[in-house]
Structure formats: C-alpha cells, structure tokens
Amino acid sequence: MMSQAPGPTPESLYLDRLKENRALLAVEQRRDRLLGYTKVALLLLVLIVAVALLKFPSRLVYLSIPVAAFVAFAVWHDRVLQRVARLNRILTFYERGLGRLHDAWAGAGEPGERFLEPRHPYARDLDVFGRGSIFELLCTARTRAGEETLARWLLEAAPLDVIAARQEAIAELKERVGFRERLFAAGDPVRAGVHPERLVEWGETRPDLGRAFLRPVMAVLSLVWLASLFYWLASSSWLPLLGASMVNGAVWMLLRGGIDAFADATESATADLVILAGVLRVVEEEPFESRLLRHWQGQLRSAPLRPSAAIRKLSRLARYLESRRNFLIRPLSAGLFYTAQLAFAAESWRRRFGPSIRGWLEVLGGCEALADLSTFAWEHPEATVPAFVNAGPLFDAAGLAHPLLPEKRAVRNGLRLDGKLQLMIVSGPNMAGKSTFVRAVGINAVLAQCGSVVQARELRMSPLAIGASICVLDSLQGGVSRFYAEIQRLKLISDMTCTPRHVLFLLDELLSGTNSHDRLAGSQFLVRALLAQRAIGLITTHDLALTRIPEADTGAAVNCHFEDHLENGALQFDYRLKPGVVRTSNALRLMQSIGLAVEEERS
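Our numbering applies: residue 11 is where the sequence shown begins, and numbers increase by one.
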C-alpha cells in the first residue's frame, strides 16, 4: 500500500500563497497605472473636443463619445482598485501568518485590552489580553463581533457538549486556509469597523417615525413639487412652485426633529456595514460538515433574503443618508423629502430585519472565533486536542508547553494533579521558569475549555474554574497595596470553590508582601481551606519555608523545583521540572551580572 505524501507545512503554504498573490498584485498594479494614464488622456481629449466644437453647437453630441469612454474606463479602473485592495489584504493575511510562525507577531495585531476586567480571576495573570497576549496571537477577526466572541470564549469556560462541538468544527476548518483567507479579505479595508452593540440596539428599537401613511403622502407631495419645478422652467410661472415649496417646507418642519434623530442613530449604528456583509457572504457560501457550523449556517440561510444581501441593502441606505449633508442635495431635501424618504426606507428595513441582527452577529462572531482557533491548530501541528472527563478534579498533562513560546524555544514538562495529589509547591531560583510553567498550565486550561487545541502532547482534564494570583497590582488611586490586592484575589479564588466546578488555583510567590512567619501561617491556612474543597493547583515560591507545607498534608501535596547551574562563569537554565526542593539561589549572582557591587556571604 502506497503511503500518502505529506501535505504542505504552514510556512511553505504561506510562502507559496504570498508568491502567487504578489504576482497577481503586480499585474493589477500595472493595469491600475495604465488605466490611470488612459483616464487622464481621455479627460484631455474631452476638453480638446469640447473647445473644438464650441463653434459648432449642433455637433456637441459627438462629445458624448469620449465622455462615455471616460466613464467606462473609470468603472473598469474602480474594479481594478478593488482587486488591488483585496490582494493587499490577502498579502497582509499571509504576512501576519508568517510573523506568527517566526515569533514576530507581538504588537502587530489586536491586543484586546478593552476586554480586560481587573476583577476577572485569571485574565491579567495569564496574559489573555494585551501586547503579546494569547488574544493577539489568536485574533484575525474582521469584525468586532468576532473579537468579542473570541474574548468571551477565553474568559468563560464552555460546557462539555459545547467544547466537543467546537472541537469538531475546528478540526474541519483546520486545513481550510482558503476559507480563512476569504474571511480576512472580505469587505472594507478598515478592520473591525462594525460596532455590534450599536447595531443590535438600533435593530431592536421599536419603530418611532410615525404612521405608515406619511410615506406615500410625502411621495405625492414630492411629485407635485417636481411638477411645479418643471412647470416653472417651462413657463417662467413661479407661483405653483412657491405654493408647493411652502406646503412641503411646513410638513418637513413638523417631521424634521424625529427624522434627523433617526438618521443620526442609523448612521452611528451602521458604520462600515460593508465589512459585515462581506464576511457574512463568505460564511453563507462555504460548504460545512460539522454540526455546529451547519446549524449556524442554517440560521443564515433560513430567511427569504440572505443576511449578506439584506445588510448590503441597509449599507446603501446608510450611504444615501450620509449624502444628505452634500451641498448639492441639501437645498432639495425639503422639497423632495430626501432624508425623510430614506429614513422611512431604513425604518422599513429595521421592521423586517432588525430582530434578526443579534442572531446574525452571534453566528458571525462564532464562525470568526472558530476560524481563529483553527488557525492556531493549523500553525501548531504539534498541538493536541484535549480530552475531558466528568469526574474530577483532574489536570493530567504530558509534554506541556506555553502557547506563547515558539516551538523551538519551548521546554515541555509534565504535570498531574487530581483528587489525591492536589498541590504542587514549585521552588527555584530567579528566571528558572517557575512563573512560565504556572502560566503554561493556566493558559492551556483556558484554551482547552474554549474548545481549542493545546500545547501539550497529551492533556486530560475535568471541567475546572481557574483562579490565578500571578501579577496582582497595587492601586495608588484606589489606595490599595499589593498585599491587600493579593489577599482580595485569594478571597475571590476561595469563593470560587463554592461553585459546582472544581478550582484550579495558580499562585505565584504567595503572600510575598508580608514577613516569613505570617507568610507560612497564612499559606498553610489557605492551602488547607482550598484542599478541603477539593481544589487543585500550583504555588511557586522563593521562600523555602513554604516547602514545609507538604509535610503537613501527607500525600495531597508534593515539592518540585527548577534549578540553574554555572557554565563557563554564566548562569544556565534547563527549565526542566524536577522532584524535591531546590537547594540553590542565584539572586546575588544575577545582581553581580548587571554590575551591582554585591559580595556573596562566605561560610
């Protein structure tokens, strides 16, 4: 039996697609320059012909030939410019992909800092948001709905059935680089322009423009005003036009307040809808097999008019509403009820489709979030799909690494915590890897519970509520010291043990803001309380007094450590987790390495 040839690697595929699209872009850019020169030449020809025919007014009809040619080339040129913009977005998609593969992505994407909640039990501590965060690594969403969905998934653990459905969908999308490319390249070049909360609020607001009969009445009044305008032009009799203008002006003054407010609200809610329409169309047209994606796609396809087409219709109305400020249209607005007619058309759209907007955005956000997670799975072929068990607590990982570290630099370690071995005290010198290991455990647990693959060779776990105290900050404005902020966080984690999920606690340098005696006593009290509630977790420390905790909790806790060694006069770290308590310290040597005059104590 012949073996199947391996497929392309993420890097080779990205490089090939970049090469292909750069060649296409070069062709379109040459076409862009040629059409630009042609338009200039045609414009000059129009001017020359116009001057030449001034003496022969009857022959001015021939001027329509170069004018028509200019219009045709302008339309052609506009389509070329759209293709150039789309190809540039495609190049950005693959360049960012290569940046992630080469560890050059931090600061180039969306950090998601607006989603950071200070009281969240792990978001700040596990680098979920911010520059160089897991959110920035994952997020390629084109809409704010996609960004908000991904953020919500990272902040809230999903039920097991939802995790299984997302895992199935991610497995389907993993190889579909073309689908993710089309999602990223869809719509306007302005990224994430749609504000879903405004659009949903606008769509679910009750109609408020008055009775429906006003629209046909305004249409009749507009026709009367136009007829009086043409009559004036033909006969020079201005009285009918004056009368029609006075009637229409009076009606417009009565309606103007509500119409203008509605138009402003519509403009605010529907900014950059072209992005939303483009991304929705990609989702509507993609063939799916997984149950979750087929269910979501069915919601989009069930309406008589596809959501992408409906959104494009609303987008056109919104653009026309924006043009009401044009100095050419403004004088005609009162006579023709230009703004009012458009407002009533938008109101009719809202009455028909407004209640569906929330559902559309939820589907779109979910599809974009799944695309983000499938990109992570595609670009990390060594990652694995975690397995979940109902009975717990359990966190059993083999070959665990931090997802934000590139594969070539990541050192993998194993960890098992369960109902018998609930606690690991991790000691070790500075920079040896304690905090990175704790964060690796936490962020992989977060990824697993949002449906993603994880950076481990194997991971089995039960549903866990994650609580971390790793980078707790003081607050000068709030008058809160670091120690007080830390004990508030510990209280939050303690309270989490009263929920149905078992708790995974991750505590870095526990109670470092107090003296050694109080630190040991407070840590022992906290640990006993957490273990009594069947919580599992890790505590890192420099204070070797805390390594005595396992002595009081025989079997439920164990000591492990990271260490360093001197090699050719320089500190070296292997970042390997080892059993037992560390017996070395490197603080003085690190101080000396940066030029601080510190002498080591001699025995």
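For every residue, glycine included, the Cβ atom is placed at its ideal position computed from N, Cα and C. Bear in mind that the values here come from a model prediction, so they are computed numbers and not experimental data.
Note down, one range per segment and in chain order, each alpha helix (DSSP H) of at least 4 residues found wholly within the segment 300–342. Every unbroken stretch of the alpha helix (DSSP H) spanning 4 or more residues and falling wholly within the segment 300–342 is given here in chain order: 301–311 and 317–332.
Would DSSP call phenylalanine 298 helix, strand or coil? Coil at phenylalanine 298, not helix or strand.
Distance CB(isoleucine 480)-CB(valine 448) smaller than 8 angstroms: It is a contact, given that the beta carbons lie within the stated cut-off.
Can you give me the C-alpha to C-alpha distance between leucine 352 and glutamine 92, rounded to a whole angstrom? Each residue's alpha carbon lies about 27 angstroms from the other.
Considering only the alpha carbon of each residue, which of Glu496, Ile546 and Arg544 lies closest to arginine 529? The shortest CA-to-CA distance from arginine 529 to any of Glu496, Ile546 and Arg544 is the one to Glu496.
So, for glycine 488: in the same chain, excluding its five sequence neighbours on each side, which residues have a beta-carbon less than 6 angstroms away from its beta-carbon? For glycine 488, the predicted model reports a pLDDT of 42, less than 50, meaning its position is unreliable and no value from the coordinates is stated.
Can you tell me the Cβ-Cβ gap for tryptophan 370 and leucine 324, rounded? I've got them flagged as a contact below 8 angstroms. Actually they are not in contact, since the Cβ atoms of tryptophan 370 and leucine 324 sit about 11 angstroms apart, beyond 8 angstroms.
Could you tell me how far apart the beta carbons of asparagine 31 and isoleucine 75 are, in whole angstroms, since I believe they sit closer than 8 angstroms? At roughly 38 angstroms, the Cβ-Cβ gap does not stay under 8 angstroms, so asparagine 31 and isoleucine 75 are not in contact.
Between Val591, Ser504, Tyr494 and Glu295, which lies nearest to leucine 374 when the distance is taken from Cα to Cα? When the alpha-carbon of leucine 374 is set against those of Val591, Ser504, Tyr494 and Glu295, the nearest one is in Glu295.
Applying the 10 Å Cβ sphere with the 16-neighbour rule, what's the burial state of tryptophan 248? Counting Cβ neighbours within 10 Å, tryptophan 248 comes out exposed, since fewer than 16 surround it.
Would alanine 542 and phenylalanine 515 be called neighbours here (beta carbons separated by less than 8 angstroms)? Pairing alanine 542 with phenylalanine 515 gives a Cβ-Cβ distance that is not under 8 angstroms.
Thinking just about the alpha-carbon of each residue, which of Arg316, Leu425 and Ala174 is nearest to the one in leucine 302? Answer by Cα proximity: Ala174.
Could you pull the start and end residues of the beta strand (DSSP E) that arginine 89 belongs to? Boundaries around arginine 89 are those of the alpha helix (DSSP H), 74–111, since no beta strand (DSSP E) includes it.
Exposure label - threonine 159; buried when at least 16 CB within 10 Å: With 16 or more Cβ atoms within 10 Å of its Cβ, threonine 159 is classed as buried.
To the nearest angstrom, report how far apart alanine 401 and serine 472 are at their CA atoms. Approximately 6 angstroms, taken between the alpha carbons.
Rounding to the nearest angstrom, what Cα-Cα distance links valine 138 and valine 537 in this structure? Approximately 26 angstroms, taken between the alpha carbons.
By a C-beta neighbour count over all protein chains shown, 10 Å radius and 16 as the cutoff for buried, is arginine 89 buried or exposed? In this structure arginine 89 is exposed. Its beta-carbon is surrounded by fewer than 16 other beta-carbon atoms within 10 angstroms.
Looking only at its own chain, which residues have a Cβ that is under 6 angstroms from the Cβ of leucine 570, when we skip the five neighbours before and after it? Here the sequence assigns cysteine to residue 570, which means leucine is not the residue at that position. Around cysteine 570: Met434, Val436, Leu587 and Pro589.
Which term fits arginine 362, buried or exposed, when burial requires 16 or more other beta carbons within 10 angstroms of its beta carbon? With fewer than 16 other Cβ atoms within 10 Å, it is exposed.
Roughly how many whole angstroms lie between the Cα atoms of alanine 109 and alanine 531? Alanine is not the amino acid found at residue 109; the sequence shown has glycine there. Straight-line measurement puts the Cα of alanine 531 at about 48 angstroms from the Cα of glycine 109.
Restricting to Cα atoms, I'd like to know which of Ala344, Ala320 and Tyr348 is closest to glutamate 332. The candidate whose alpha carbon is nearest that of glutamate 332 is Tyr348.
Quick test of your reading: alanine 114 and glutamate 146, contact by CB under 8 angstroms. State the CB separation rounded to the nearest angstrom. At roughly 12 angstroms, the Cβ-Cβ gap does not stay under 8 angstroms, so alanine 114 and glutamate 146 are not in contact.
Pairwise C-alpha distance: glutamine 498 and tyrosine 565: A small correction: the amino acid at residue 565 is glycine; tyrosine does not occupy that position in the sequence shown. Annotation: glycine 565 to glutamine 498 spans about 29 angstroms, alpha carbon to alpha carbon.
Should isoleucine 453 go down as buried or exposed, given a rule of 16 or more other Cβ atoms within 10 Å for buried? Result: buried.
Relative to the C-alpha of alanine 328, which candidate in Asp274, Lys184, Val292 and Ala539 has its C-alpha closest? For alanine 328, the closest C-alpha among the options Asp274, Lys184, Val292 and Ala539 is that of Asp274.
7 angstroms Cβ shell around isoleucine 500 - same chain, five flanking residues per side excluded: The residue asked about is misnamed: residue 500 is leucine in this sequence, not isoleucine. Correct list, in chain order: Ser479 and Leu536.
Whole angstroms are fine: how far does the CA of proline 317 sit from the CA of glycine 253? Here the alpha carbon of glycine 253 sits roughly 44 angstroms from the alpha carbon of proline 317.
For isoleucine 480, the three-state DSSP class (helix, strand or coil): Residue state for isoleucine 480 is assigned as coil, using DSSP reduced to three classes.
Look up serine 246 in the DSSP assignment and say whether it is helix, strand or coil. Three-state DSSP puts serine 246 in coil, outside helix and strand.
Could you tell me which uninterrupted beta strand (DSSP E) segments, each at least 3 residues in length, are contained entirely in the segment 449–477, listed from first to last along the chain? Qualifying beta strand (DSSP E) stretches, in chain order: 468–471.
Would you call the CB atoms of glycine 438 and arginine 422 closer than 8 angstroms? The beta carbons of glycine 438 and arginine 422 sit no closer together than 8 angstroms.
Taking the alpha-carbon of valine 284 as reference, which of Ser366, Ala313 and Ala320 has the nearest alpha-carbon? The option with the nearest alpha carbon to valine 284 is Ala320.
Enumerate in chain order the residues of its own chain whose CB-to-CB distance from glutamate 38 is below 8 angstroms, with the five nearest sequence positions on each side excluded. Contacts found: Val90, Arg93, Val94 and Leu97.
Which residue's Cα is closest to the Cα of threonine 150: Val568, Arg190 and Val395? Per the Cα distances, Arg190.
Residue nearest to phenylalanine 386 in terms of C-alpha spacing, selected from Gly547, Val56 and Arg186: Looking only at Gly547, Val56 and Arg186, the smallest Cα-Cα distance to phenylalanine 386 is reached by Arg186.
Spatial neighbours of alanine 167 within its chain, please: C-beta separation below 6 angstroms, excluding the five flanking residues on both sides. These residues qualify, in order along the chain: Gln459.
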